[in-house]
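Protein chains in written order, with the numbering used here: chain L, 244 to 460; chain E, 244 to 460.
There are 2 protein chains.
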Amino acid sequence: MVAKKKMPERRRRILGFIQEFYSDNGIPPTVRDIQQACNISSTSVVDYNLRQLEEAGYLNRRREVARGIELLDRDGEPVSNAPRVQIVGSIAAGQPLPVFSAEGGAASEEFDTVEISPDLPRRHGKLFALTVKGTSMIDALIDDGDVVVVKPAQDASNGEMVVAWLRDEEEATLKKFYLEGDRVRLQPANSTMQPIFCSAGNVEVKGKVVTVLRKYG
Amino acid sequence: MVAKKKMPERRRRILGFIQEFYSDNGIPPTVRDIQQACNISSTSVVDYNLRQLEEAGYLNRRREVARGIELLDRDGEPVSNAPRVQIVGSIAAGQPLPVFSAEGGAASEEFDTVEISPDLPRRHGKLFALTVKGTSMIDALIDDGDVVVVKPAQDASNGEMVVAWLRDEEEATLKKFYLEGDRVRLQPANSTMQPIFCSAGNVEVKGKVVTVLRKYG
DNA sequence: CTTTCGATAGAACAAAGGTTTTATGTCATC
DNA sequence: GATGACATAAAACCTTTGTTCTATCGAAAG
C-alpha cells in the first residue's frame, strides 16, 4: 500500500489550477502560467512541485515539449480533455447554499469536479455544480445524489429552471420560475405536482439550471 | 455570401493533421509538428497556410502562445472533440422500440446525435440513445423529451437501471431490475412509487441505462 | 548545536516554437 | 512577354517556456 501523505496546500492549488486552466483553454498551462496564478515567486518552485506531483502520480510531464503537462486520474490514465466544473457544495431543502464566488476567488480548495459536455461552457460560460442531497427535489425529477450544473444568475425569465432560495422558509429548491404580478410561481418540473406560490421578495434566484447529471450503476 | 473555393490539398491535409494530433495528444501541434507531418520544407509555409486557414475561419491562432492553434467549427465556435452517440429512436409506453443494430451498420446517416462526456464510451464502450416521449417514465425521474443513453445488454444484474420490454403488455419502460426467484421486480427510480412485479419470461432486457440527458432552457 | 530534508528563491541558461524577411516558382490573365 | 496573385523555400530572429544552478529558511531529527 502506497502511503498517502497529505498534500501541501500549494501543491493542491497547483493541481487545481492545471485542471481549471485546461478546461478553460483547451491547452495545458505553462510553468509560468502556474507561477503567476498561484503567486509563486520562482519558476523553479513550480518545477519542483510539478516533479513532486509527477512522482506522486498525479500528472505526467512530456519533456522537451512546451505545455507538456498531462493530468492523470487515479488509475494513472490520462484524464479526459473534456471540461470540468467544480462541485462547490450541495443543495438540499432547509440547508443554506454555499457561498457563490462566481469569480472563483482564492478560496475553493476542494477540487471535486464533474466532467461535462464541451458545449455547455461554450454556450453558458462559467458554470458550477451542486450535489443534491435527499429526495426533496423529486418533484423536479431530480434524485438524491444527482449533480446539478448551474449557471450563476441573479434573475430569471419565466419558464426557466432556477436554483431558488426562499428567504422565509430558509430553503433552497429547484423549480421553474414564473413571475406573475407581485408574486412568483415556482413550478415543479414534474407536471403531476402542484406549484408553490410566494411573494417576489421572498424568492432569491441563485442561478439557472443548465443540466442534471445522474449516475447509474 | 462568401465564396467557398475548394481548398488546396496541402491545406486540407494540415487541417486534418491538426485535428488528429489534438485528438491523439490532447494538445495542439506546433508549427514544426505540422511541418514534419505534412512534409513541408519550411515553417514559413506552414505559417502561411495557417494564416489562410485562419482567414477562412477554420481555426484560431492565439498569438504569442505556444501551441495556440484552436480549431473552429462552421459557426466559428471552438470545435469539440467530445464523442457523440446516435439517437436511434424513441421510447414510450406501448410503443415498440426501434430495432437495435448494436453493430451500427453502414446505414443510418440521418440520425440525430447527442454529445456526451468522453468518460462514458471509455467506460461502457458502444452506446446508443433514445428520446423519451411522454411522461410515462416520470416514476423513473425521466421527463418528456429527455434523452436516455443506453449500453446494449441482454441481461442485467440486480439493481441496475434497464430498458425493459414487457412482452404481454407490449410496453417499454425504464426501471431498476431485480430478479427475485421466478419473477422480476421492476422498481421505479422514484422511491415514492410502487414497483411492478411480473414473470421473468415476460421481461426482455434491451439495455442498461448509462445516463440521462435533459435540456433546460 | 548541528544535520538533514522539504520547501522556497532568484537568476541564468538552453531548447522549443512563433514570426519575419527575402527570394523563388507557377500559373492564369492581358 | 509582362503582371500579379498564390504558393513554396531557406534562414534567421526572437519570444516563450522548460530546466538547471546555487542559496536560503524552517522544522524535525540526531
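Glycine included, every Cβ here is placed at the ideal spot set by N, Cα and C.
Quick one: Cα of residue 449 (chain L) to Cα of residue 398 (chain L), how far? Taking the first sequence and counting its residues from 1, the one referred to as residue 449 (chain L) is at position 206. Taking the first sequence and counting its residues from 1, the one referred to as residue 398 (chain L) is at position 155. Residue 449 (chain L) and residue 398 (chain L) have their C-alpha atoms some 8 Å from each other.
Hey, residue 336 (chain L) and residue 377 (chain L) are a contact pair by Cβ (cut 8 Å); roughly how many whole angstroms apart? As a working note, residue 336 (chain L) is residue 93 in the first sequence. As a working note, residue 377 (chain L) is residue 134 in the first sequence. Residue 336 (chain L) to residue 377 (chain L), Cβ: 7 Å. Contact.
9 Å Cβ cut-off: residues of chain E touching residue 291 (chain L): Here residue 291 (chain L) refers to the residue found at position 48 of the first sequence. Contact of residue 291 (chain L) with chain E by beta-carbon distance below 9 Å is absent, the smallest such distance being about 22 Å.
From L:409, L:256, L:441, L:366, pick the residue whose C-alpha is nearest to that of residue 289 (chain L); which is it? Taking the first residue of the first sequence as position 1, residue 289 (chain L) is located at position 46. Looking at L:409, L:256, L:441, L:366, the one whose alpha-carbon comes closest to that of residue 289 (chain L) is L:256.
Just to confirm the assignment, what range does the alpha helix (DSSP H) spanning residue 297 (chain L) have? Indexing the first sequence from 1 puts residue 297 (chain L) at position 54. Its alpha helix (DSSP H) spans residues 286-298.
Taking DSSP as the reference, what is the three-state secondary structure of residue 305 (chain E)? Walking along the second sequence from the start, residue 305 (chain E) turns up at place 62. Residue 305 (chain E) carries a coil assignment under DSSP once its states are collapsed to helix, strand and coil.
Quick check on residue 351 (chain E) - is its C-beta less than 8 Å from some C-beta in chain L? Taking the second sequence and counting its residues from 1, the one referred to as residue 351 (chain E) is at position 108. Here the model assigns residue 351 (chain E) a pLDDT of 37, short of 50, so the residue's position is not dependable and the matter cannot be decided.
Residue from E:370, E:382, E:359, E:281 with nearest C-alpha to residue 326 (chain E): Taking the second sequence and counting its residues from 1, one reaches residue 326 (chain E) at position 83. Out of E:370, E:382, E:359, E:281, E:359 has the C-alpha closest to the C-alpha of residue 326 (chain E).
Name the one or two DSSP bridge partners that residue 404 (chain L) has. Within the first sequence, residue 404 (chain L) is the residue found at index 161, counting from 1. Note: residue 404 (chain L) sits in a beta bridge opposite L:419.
Residue 443 (chain E), buried or exposed, once every other Cβ within 10 Å from all chains shown has been counted against 16: For this step, residue 443 (chain E) is matched to residue 200 along the second sequence. Exposed, by the Cβ-count rule.
Return no unless some Cβ of chain L is closer than 8 Å to the Cβ of residue 321 (chain E). Within the second sequence, the letter at position 78 stands for residue 321 (chain E). By this cut-off, residue 321 (chain E) is an interface position.
Measure the Cβ-Cβ separation of residue 458 (chain L) and residue 396 (chain L) and say whether it is below 8 Å. The residue you call residue 458 (chain L) lines up with position 215 of the first sequence. The residue you call residue 396 (chain L) lines up with position 153 of the first sequence. Against a cut-off of 8 Å, the Cβ pair of residue 396 (chain L) and residue 458 (chain L) comes out as no contact.
Opposing strand residues paired with residue 372 (chain E) [DSSP bridges]: In the second sequence, the residue the question calls residue 372 (chain E) occupies position 129. According to DSSP, which records beta bridges pairwise, residue 372 (chain E) is partnered with E:330, E:392.
Report the rounded CA-to-CA distance for residue 394 (chain L) versus residue 426 (chain E), giving the unit in angstroms. Within the first sequence, numbered from 1, the residue matching residue 394 (chain L) stands at position 151. Within the second sequence, numbered from 1, the residue matching residue 426 (chain E) stands at position 183. Whole-angstrom Cα-Cα distance: 45 Å.
Give the secondary structure of residue 353 (chain E) by DSSP, where H, G and I count as helix, E and B as strand, and everything else as coil. For the purposes of this step, residue 353 (chain E) is identified with residue 110 of the second sequence, where counting begins at 1. Only weak support exists for where residue 353 (chain E) lies, its pLDDT of 42 falling under 50; the value from the coordinates is given anyway. Residue 353 (chain E) falls in the coil class under three-state DSSP.
Quick one: grab the DSSP three-state call for residue 444 (chain L). For this step, residue 444 (chain L) is matched to residue 201 along the first sequence. For residue 444 (chain L), the three-state secondary structure derived from DSSP is helix.
Can you have a look at residue 413 (chain L) and say buried or exposed, based on whether 16 or more other CB atoms are within 10 angstroms of its CB? Locating residue 413 (chain L) in the first sequence gives position 170, counting from the first residue. Label assigned to residue 413 (chain L): exposed.
Is residue 254 (chain L) helix, strand or coil when you go by DSSP? Translated into positions along the first sequence, residue 254 (chain L) becomes position 11. In this structure, residue 254 (chain L) counts as helix in the three-state DSSP scheme.
Give the residues of chain L in contact with residue 360 (chain E), contact being defined as C-beta atoms less than 8 Å apart. As a working mapping, residue 360 (chain E) is identified with position 117 in the second sequence. The contacting residues are 323, 325, 358, 359, 360.
So residue 384 (chain L) and residue 404 (chain L) are supposed to be a Cβ contact under 8 Å. How far apart are they, rounded? Here residue 384 (chain L) is taken as the residue at index 141 of the first sequence, counted from 1. Here residue 404 (chain L) is taken as the residue at index 161 of the first sequence, counted from 1. Incorrect: roughly 10 Å between the Cβ atoms, too far for contact.
Closer than 8 Å at the beta carbon, the chain L residues around residue 310 (chain E): Numbered from 1 along the second sequence, position 67 holds the residue referred to as residue 310 (chain E). Per Cβ cutoff of 8 Å: 270, 309, 310.
State the Cα-Cα distance for the pair residue 369 (chain E) and residue 284 (chain L), rounded to the nearest angstrom. The sequence position of residue 369 (chain E) within the second sequence is 126, counting from 1. The sequence position of residue 284 (chain L) within the first sequence is 41, counting from 1. Rounded to whole angstroms, residue 369 (chain E) to residue 284 (chain L) spans 48 Å at the Cα level.
Residue 436 (chain E) to residue 366 (chain E) span [Cα, whole Å]: Here residue 436 (chain E) refers to the residue found at position 193 of the second sequence. Here residue 366 (chain E) refers to the residue found at position 123 of the second sequence. Those two C-alpha atoms are separated by around 30 Å.
Could you check whether the Cβ of residue 401 (chain E) sits closer than 8 Å to any Cβ belonging to chain L? Translated into positions along the second sequence, residue 401 (chain E) becomes position 158. No, residue 401 (chain E) lies away from the interface with chain L (no Cβ there is under 8 Å from its Cβ).
Would you please verify whether the beta carbon of residue 421 (chain E) is less than 8 Å from any beta carbon of chain L? Residue 421 (chain E) sits at position 178 when you count from the first residue of the second sequence. With 8 Å as the cut-off, residue 421 (chain E) does not count as an interface residue toward chain L.
Which residue marks the beginning of the alpha helix (DSSP H) containing residue 429 (chain E), and which one marks its end? Taking the first residue of the second sequence as 1, we reach residue 429 (chain E) at position 186. Per DSSP, residue 429 (chain E) belongs to no alpha helix (DSSP H); it is in the beta strand (DSSP E), 426-430.
Three-state secondary structure (DSSP) at residue 311 (chain E)? Translated into the one-based positions of the second sequence, residue 311 (chain E) becomes position 68. Coil.
Taking the straight line between their C-alpha atoms, what separation do you get for residue 294 (chain L) and residue 312 (chain L)? Looking up residue 294 (chain L) in the first sequence gives position 51. Looking up residue 312 (chain L) in the first sequence gives position 69. One C-alpha to the other measures close to 11 Å.
Residues within the region 423-440 of chain E neighbouring chain L, beta-carbon criterion of under 8 Å: 432, 433, 434, 435
Compare the C-beta of residue 476 (chain E) with all C-beta atoms of chain L and state if any pair is closer than 8 Å. Coverage of chain E is limited to positions 244 through 460, which leaves residue 476 (chain E) absent and any answer about it impossible.
Assign residue 450 (chain E) to one of three DSSP states: helix, strand, or coil. Working through the second sequence from its first residue, we reach residue 450 (chain E) at position 207. Strand at residue 450 (chain E).
Where residue 459 (chain L) meets chain E, residues with beta-carbon distance less than 7 Å: Counted from its first residue, the first sequence places residue 459 (chain L) at position 216. Neighbourhood of residue 459 (chain L) in chain E, by CB distance below 7 Å: 404, 452, 453, 454, in chain order.
Could you check what DSSP says for residue 346 (chain E) in three-state terms: helix, strand or coil? For the purposes of this step, residue 346 (chain E) is identified with residue 103 of the second sequence, where counting begins at 1. With a pLDDT of only 41 at residue 346 (chain E), under the threshold of 50, the placement of this residue in the model should not be trusted; the figure read from the coordinates follows. The answer is coil: DSSP assigns residue 346 (chain E) none of H, G, I, E or B.
Over the uninterrupted alpha helix (DSSP H) stretch that includes residue 364 (chain L), give me the two end residues. As a first step, residue 364 (chain L) is located in the first sequence; it is residue number 121 there, counting from the start. Segment 362-367, the alpha helix (DSSP H) holding residue 364 (chain L).
Rounded to whole angstroms, what is the Cα-Cα separation between residue 300 (chain E) and residue 310 (chain L)? Against the second sequence, residue 300 (chain E) aligns to sequence position 57. Against the first sequence, residue 310 (chain L) aligns to sequence position 67. If you take the alpha carbons of residue 300 (chain E) and residue 310 (chain L), they lie about 25 Å apart.
Residue 279 (chain E): buried (16+ other C-beta within 10 angstroms of its C-beta) or exposed? As a first step, residue 279 (chain E) must be located in the second sequence, where it is residue number 36. Under this definition residue 279 (chain E) is an exposed residue.
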